[in-house]
Amino acid sequence: MEMKRKRNFCIVAHIDHGKSTLSDRLIQKSKIIDERKMKNQILDTMDIERERGITIKSQAVTIPYKAAEGSEYELNFVDTPGHVDFSYEVSRAIASCEGALLLIDASQGVESQTVSNMYMALEQDLEIVPVINKIDLPSADIPAVREQISKELGLDDSHTQLVSAKTGEGVDGLLEAVVSYFPPPEGDADAPLQALIFDCNYDPYRGVVVHVRVKNGRLKTGGVIRMMSSGADYKVEQAGVFKIDFEETGCLEAGDVGYIIAGIKTVGDVSVGDTITLASNPAPEPLPGFKEVKPVVYSSIYPMDSNEYEELKSSLEKLKLNDASLIYEKDNSLALGNGFRCGFLGLLHLEIIQERLERDYDQAVIFTAPSVRYKVHLTDGTELFVDNPSEYPEGRVKDAEEPYIRASIITPAAYLGPLMELCRTKRGDQTNMAYLDEKRVELTYEMPLAEVLFDFYDKLKSYSRGYASFDYEIIGYRPTQLVKVDILLNGKMVDALSQLTFRENAADRARKVCERLKGEIARQQFKVAIQGAIGSQIIARETVNPVRKDVLAKCYGGDITRKRKLLEKQKEGKKRMKLFGDVELPQTAFLAVLKENEDG
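Numbering (this note's numbering), first residue to last: 11 to 610.
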């Protein structure tokens, strides 16, 4: 199909504003799938996505469309995630498009991720069409949302489309708007091939499946392609487009979004953001890739069985291929053996990686407590970054700095008090408060990233009954009083449970970890002491009482010395057991440390 009849666009929005449901309606209208096979959230292919009701992976689809004037069009669209932890997925989807549908809930209005996704699209010079979704809801307030679009977002309200993704109302008009307002892709089909890799996945039978957006040139089955970063050559076995399943077309040319299978068996040979060209007629230069991802949360992963280290390594390589925002390097621990230190974009990202390792790759793993990356100034004048408590140079630290964020919270005015108190307890400094309209307020706070890691998001949703939205950006490092909290089990340090934390929070954090561990560790034949310490100073303690056999059960009266002798004998045995006894830490004990104690 000629290039002027193609349109590449993505659907972006805040969480739960209806992106996946709208994708369902577009697919239904195009009839590329049999009505019997159609199901809700058809593009959410992972079990985790369907269970949690969220989109984690961007999914591309090609659909045909016949416009009102009779012309045939080919529409390539990408359904993107809404959660802030998966914003890197959104940025890669945006890079493969010329336009964006910005969905806004008719009852919720503009929220924090709506704003950040719009700026992401504007940075890539995308044409934006605002879409007010859920117009069928009784609480829909279309005039108010139109005003927010023009005032808060500064977008042209005359292009705004009204739809109900649930009922299908307004979808025909939306497709006409896509054809009318979004520009066709630019490129030259006769120039040397330049195709940007924007995603990949691993198929155990076919190797690496590469997802590409062709900017220039033409790519055919049987041709030999070259990866511009590594210089490796591969013969194309199959090329085609996404129509829910892979549909082989044999050729991709400038303006197309599709996939390539080229017998790539080694996962490390492909990297997202690389450019593909032809070996026979290579392009003079690669396309600009993506911004390097910057993790904000760090945690170590260890296999439950140390013999499964190689399997874990292989699983992480395959997962990295499908999730370019995952960063990892080798790590080891005295308690847990060899593992990997990983960087994540947030706690939800960490949870999803853990679930995918367990489900998709059948790995039994242990995650250590999450941490942020601190900047530490040593007494000898050198500076280093520390995200792993085991690398903290105790005794040589002059001072430390921690990463700060600028948090934007949009909330109904009724919940203002509890949310301001929550931010205050999390060491937040309020920098701005603006009323967006008579009902909604935007709060801007500067606070430490470490305070947001654990339960901030849960409490935010709880205090606001789910109505507040939250978005943040890293703004740099600021001085902090940093200490390392060690957890001791029967006097032995468990390095995998050590944490770096703000000094004033240390005792509270240590106490909560000890309480959690007490609930998880099985009672032994001897007394088990669980202690939290800063250096040699004990700041928290819990005790797991021993299981005791009733040694006096067979004594029916008689001389007291007989009973005393039996009790002393038992006492000596317990003492000996404590010297040689090892306490087994179950995996649940490590996982329990990840979560704050809500009762606190």
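Heads up, the beta-carbon is just placed ideally off N, CA and C, and yes, glycines get one too.
Could you check where the alpha helix (DSSP H) with residue i kicks off and where it finishes?
| i | result |
| --- | --- |
| S343 | Unbroken run through S343 is the beta strand (DSSP E), 337 to 343; no alpha helix (DSSP H). |
| Y319 | 319 to 332 |
| C524 | 513 to 530 |
| I159 | 152 to 161 |
| E186 | 181 to 191 |
| M130 | 122 to 133 |
| Y98 | 97 to 105 |
Along the chain, where does the beta strand (DSSP E) containing residue i start, and where does it finish?
| i | result |
| --- | --- |
| T454 | 450 to 458 |
| D213 | 204 to 213 |
| F87 | 82 to 89 |
| V218 | 217 to 226 |
| S309 | 307 to 313 |
| I138 | 137 to 143 |
| M237 | 234 to 237 |
| L112 | 109 to 115 |
| R351 | 347 to 354 |
| Y75 | 69 to 76 |
| Q541 | 538 to 544 |
| V375 | 375 to 377 |
With DSSP run on the structure shown, which of helix, strand or coil describes residue i?
| i | result |
| --- | --- |
| T392 | coil |
| D439 | strand |
| V557 | coil |
| S40 | helix |
| H359 | helix |
| Y467 | helix |
| F252 | strand |
| A417 | strand |
| K245 | strand |
| T490 | strand |
| Q580 | helix |
| P428 | helix |
| H24 | coil |
| L589 | For L589, the predicted model reports a pLDDT of 49, less than 50, meaning its position is unreliable and no value from the coordinates is stated. |
| Q364 | helix |
| D496 | strand |
| E608 | Unreliable positioning characterises E608 in this predicted model, as indicated by a pLDDT of 36, which lies under 50. The coordinate reading is nonetheless provided below. Coil. |
| V407 | strand |
| I274 | coil |
| P399 | helix |
| K14 | helix |
| L507 | helix |
In chain order, what residues of the same chain lie with their CB nearer than 8 angstroms to the CB of residue i, ignoring the 5 residues before and after it?
| i | result |
| --- | --- |
| Y414 | E456, M457, P458, L459, I484, I485, G486, Y487, R488 |
| D151 | A116, S117, G119 |
| G232 | K245, V246 |
| L288 | P202, L203, G227, L229, G233, V234, I235, R236 |
Using only alpha-carbon positions, find the residue among the options that is nearest to residue i.
| i | options | result |
| --- | --- | --- |
| Q491 | Q541, S546, K385, F480 | K385 |
| M443 | M13, L429, T435, L360 | L429 |
| G501 | I376, A543, D397, S309 | A543 |
| D372 | P403, D89, F395, P313 | P313 |
| A517 | D505, Q541, L388 | Q541 |
| D243 | V538, I286, P195 | I286 |
| S479 | G529, R519, R526, T421 | T421 |
| R15 | P399, V188, D409 | V188 |
| L344 | S508, F19, E582 | S508 |
| R475 | E582, Y482, A424, C433 | A424 |
| I145 | A77, A532, T177 | T177 |
| F512 | S174, V71, K436, F192 | K436 |
Should residue i be flagged as near chain B, meaning a C-beta pair shorter than 8 angstroms?
| i | result |
| --- | --- |
| R102 | In the displayed structure, chain B is absent; only one protein chain is listed. |
Sorted by chain position, which residues of the same chain lie with C-beta nearer than 7 angstroms to residue i's C-beta, five sequence neighbours on each side aside?
| i | result |
| --- | --- |
| S239 | S281, D284 |
| L326 | Y338, F350 |
| R572 | C565 |
| V407 | V386, L388 |
| G250 | F256, E257, E258, T259, G268, Y269 |
For residue i, collect the residues of the same chain with a Cβ closer than 6 angstroms to its Cβ; drop the 5 residues on either side in sequence, then sort them by chain order.
| i | result |
| --- | --- |
| V396 | Y384, V386, Y402 |
| M503 | D496 |
| D3 | An answer regarding residue 3 cannot be provided, because it is not within the stretch 11 to 610 covered by the chain. |
| T378 | S309, S310, A506 |
| L262 | V224, L229, A249, G268 |
Take every Cβ of the stretch 151 to 167, pair it with every Cβ of the stretch 442 to 454, and state whether three or more of those distances are shorter than 8 angstroms. yes
Are the stretch 32 to 45 and the stretch 204 to 219 touching, with three or more C-beta to C-beta distances below 8 angstroms? no
Determine, using beta-carbon pairs with one atom in the stretch 133 to 143 and one in the stretch 167 to 180, whether at least three such pairs fall under 8 angstroms. yes
Would you be able to state if there are at least three C-beta pairs under 8 angstroms between the stretch 259 to 279 and the stretch 181 to 188? no
On the three-pair Cβ rule with 8 angstroms, is the stretch 353 to 362 touching the stretch 303 to 320? yes
Between the stretch 461 to 469 and the stretch 101 to 110, are three or more C-beta pairs nearer than 8 angstroms? no
Count the C-beta pairs between the stretch 20 to 35 and the stretch 83 to 91 that are closer than 8 angstroms, then say yes if the count reaches three, no if not. yes
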